[in-house]
Amino acid sequence: MSQNTTLPPLELGLPVMLHKEQEEILPFLKAKDRIEALGESQGIPIKVSAFLYYFPKALSEGNRSLQIKNQRTYKLPIIHAQTPNYGENCLAYDSDEKRFEKEGLLETTITHCAVLRDISGQVESFDIDTHPGTVIDNHPLNLTIPCVYPLEEFLEKREVLLQKSTERFAQLSELAGRYGLGMALENSISVFFAQQFNDLFPRIHFMPFVDFPSIMQISGGNLTFDSAHWGSTRLVQEVLEREQLTQERENLFKVYGISSWEEYLALHPDFPDYLEHARALHLSNVDGIGVRLDKNSELARKWGKSGDNEGYISRSDFRRMFSCAREKGLPVIIEVEYDVSRLHETEYSDADAFLKPILS
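The opening residue of the sequence shown carries number 295 in this note's numbering; numbering runs sequentially from there.
Next comes the structure, spelled out in structure tokens:
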């Protein structure tokens, strides 16, 4: 990686939710000092800040109160944030509001992040990241979840859902702007193998509106680039063809209105196209389309896993991503697979293992 000292520091983010002082905040502070020292040893100035990532439970009233209390004590710098993503937090959810009568947390995330930012006294703005969130599925129990559609129903509603997602993102961007914050849309995985929602066992799921033209339309060109999601999406052809999943391939083509892998790859281009519009980078490696599988399991060996140091993306490509981020002043979130139950022991050392080969 370039060691041009005339550039601003490399802005790195580590994931925290702020309501666990001993298990998260104190390990983050130790990691911040350690990683900034690592950058200094490599001649690359690094500033480490907090990446606020939120699941629905993390945004309960009790947890938000704890986060505010802890932020008053520690005043962590915030570089980026992420909303919950699926179900009632899908961008197209409003179209199902009367049917499901559930309230999403997208606005709550924005206003809460603004409160945490203000407590720290931070003047720098940051973006709040979200995903399209629509899922195509055929499991009867999963169809009781907002914005999960069987394929045929999705095909009937595709244009309506895309337009609703576009309008919803614009609404959230307007709200975030009132607080001096931005919104960005993350590229997601087009096909993934996981135990999701009400599944008893892992299986294949499809996600629409994660192709490059759709995320550009929804976001107006305000993107978050996730390297593992991009790599996984590029690996879909290899996995489906290797496993001879002809029906899944045909269903995928229907989701995107295409008839060949060449068209699929054109909709999910090489990473420089994303970096041209990126406002933040989430970086980790991937070797398939498996999500949250036991890394040592037979399923992980068959379907792949994400969040590792080695995989589809080369070290030289990661260096290109880091160089782009530093030249443009973009935040880089180290989104490797942390053992969150042991952060008080590991102190985010998985981030060091990912960074060292790239920075050297």
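Even glycine gets a Cβ: it sits at the ideal position worked out from N, Cα and C.
Within 10 angstroms of its Cβ, does residue i collect 16 or more other Cβ (buried), or is it exposed?
{"i": "VAL659", "result": "Look at the range of the chain in this structure, 295 to 654, and you will see that residue 659 is not part of it."}
{"i": "ASP327", "result": "exposed"}
{"i": "ASP588", "result": "exposed"}
{"i": "SER554", "result": "exposed"}
{"i": "PRO321", "result": "buried"}
{"i": "GLN541", "result": "exposed"}
{"i": "GLY582", "result": "buried"}
{"i": "VAL533", "result": "buried"}
Using the C-alpha atoms, what's the distance from residue j back to residue i?
{"i": "PRO426", "j": "LYS458", "result": "10 Å"}
{"i": "GLU453", "j": "ARG536", "result": "32 Å"}
{"i": "ASN364", "j": "HIS313", "result": "7 Å"}
{"i": "GLU480", "j": "HIS571", "result": "11 Å"}
{"i": "GLN490", "j": "GLY381", "result": "11 Å"}
{"i": "PRO507", "j": "ASN383", "result": "22 Å"}
{"i": "LYS596", "j": "GLU604", "result": "16 Å"}
{"i": "VAL504", "j": "LEU399", "result": "21 Å"}
{"i": "ALA375", "j": "THR424", "result": "9 Å"}
{"i": "ARG543", "j": "VAL549", "result": "10 Å"}
{"i": "GLN538", "j": "ASN590", "result": "23 Å"}
{"i": "ALA344", "j": "ASP412", "result": "14 Å"}
{"i": "MET311", "j": "LEU360", "result": "10 Å"}
{"i": "ALA408", "j": "LEU323", "result": "21 Å"}
{"i": "ARG586", "j": "ILE498", "result": "13 Å"}
{"i": "LEU455", "j": "GLU355", "result": "30 Å"}
{"i": "LYS451", "j": "TYR387", "result": "13 Å"}
{"i": "TYR348", "j": "GLU334", "result": "31 Å"}
Since residue i and residue j should fall inside the 8 Å C-beta cutoff, what is the C-beta to C-beta distance between them, to a whole number of angstroms?
{"i": "VAL634", "j": "ALA645", "result": "Contact flag wrong, Cβ pair sits at about 13 Å."}
{"i": "VAL483", "j": "PHE420", "result": "Reading off the sequence shown, one finds Ile at residue 483, where the question assumed Val. Actually they are not in contact, since the Cβ atoms of ILE483 and PHE420 sit about 24 Å apart, beyond 8 Å."}
{"i": "PHE448", "j": "PRO378", "result": "Not a contact, Cβ separation roughly 21 Å."}
{"i": "PRO625", "j": "GLU305", "result": "5 Å"}
{"i": "LEU353", "j": "PHE463", "result": "Their Cβ separation, rounded to whole angstroms, is 19 Å, which puts LEU353 and PHE463 out of contact at 8 Å."}
{"i": "LYS396", "j": "PRO350", "result": "LYS396 to PRO350, Cβ: 10 Å. No contact."}
{"i": "PHE486", "j": "SER513", "result": "With 8 Å as the limit, PHE486 and SER513 do not qualify as a contact, their Cβ atoms being about 21 Å apart."}
Does the distance from the C-beta atom of residue i to that of residue j stay below 8 Å?
{"i": "ILE652", "j": "ARG613", "result": "yes"}
{"i": "LEU529", "j": "GLY584", "result": "no"}
{"i": "TYR473", "j": "ILE362", "result": "no"}
{"i": "ILE509", "j": "HIS576", "result": "no"}
{"i": "LEU443", "j": "ILE430", "result": "At residue 443 the sequence reads Tyr, which differs from the Leu that was named. Yes. Within cutoff."}
{"i": "GLU641", "j": "ALA325", "result": "yes"}
{"i": "ASP611", "j": "SER578", "result": "no"}
{"i": "SER600", "j": "ALA488", "result": "no"}
{"i": "ILE340", "j": "PRO303", "result": "yes"}
{"i": "SER643", "j": "GLN336", "result": "no"}
{"i": "GLN511", "j": "THR460", "result": "yes"}
{"i": "LEU649", "j": "ILE329", "result": "yes"}
{"i": "LEU410", "j": "LEU346", "result": "yes"}
For residue i, I'd like the list of residues in its chain whose CB is within less than 7 Å of its CB, leaving aside the five on either flank, ordered along the chain.
{"i": "ASN545", "result": "LEU445 and PHE500"}
{"i": "LEU301", "result": "ARG620 and GLU621"}
{"i": "TRP524", "result": "ASN481, PHE565 and TYR568"}
{"i": "HIS433", "result": "ASN492 and ASP493"}
{"i": "THR402", "result": "LEU353"}
{"i": "ALA647", "result": "ASN603"}
{"i": "ARG609", "result": "PRO651 and ILE652"}
{"i": "LYS496", "result": "For clarity, residue 496 is Pro in the given sequence; the question names Lys instead. So the qualifying residues of the chain are PHE487, ALA488, GLN489, LEU587 and LEU593."}
Might you give, ordered along the chain, the residues of its own chain that have their beta carbon closer than 8 Å to the beta carbon of residue i, omitting 5 neighbours on each side?
{"i": "ASN516", "result": "ASP421, SER467, GLY476, MET477, ALA478, LEU479, HIS571 and ARG573"}
{"i": "GLN531", "result": "TRP555, TYR558 and LEU559"}
{"i": "LEU435", "result": "PHE491 and ASN492"}
{"i": "ILE662", "result": "What the structure shows of the chain is the stretch from 295 to 654, and residue 662 is not part of that stretch, so it cannot be assessed."}
What does a CB cutoff of less than 6 Å around residue i pick up in its chain, not counting 5 residues either side in sequence?
{"i": "SER389", "result": "LYS458"}
{"i": "LYS369", "result": "SER414"}
{"i": "ASP520", "result": "GLU480, ASN481 and HIS576"}
{"i": "HIS406", "result": "ARG358"}
{"i": "GLY623", "result": "PRO302"}
{"i": "TYR632", "result": "ASP644"}
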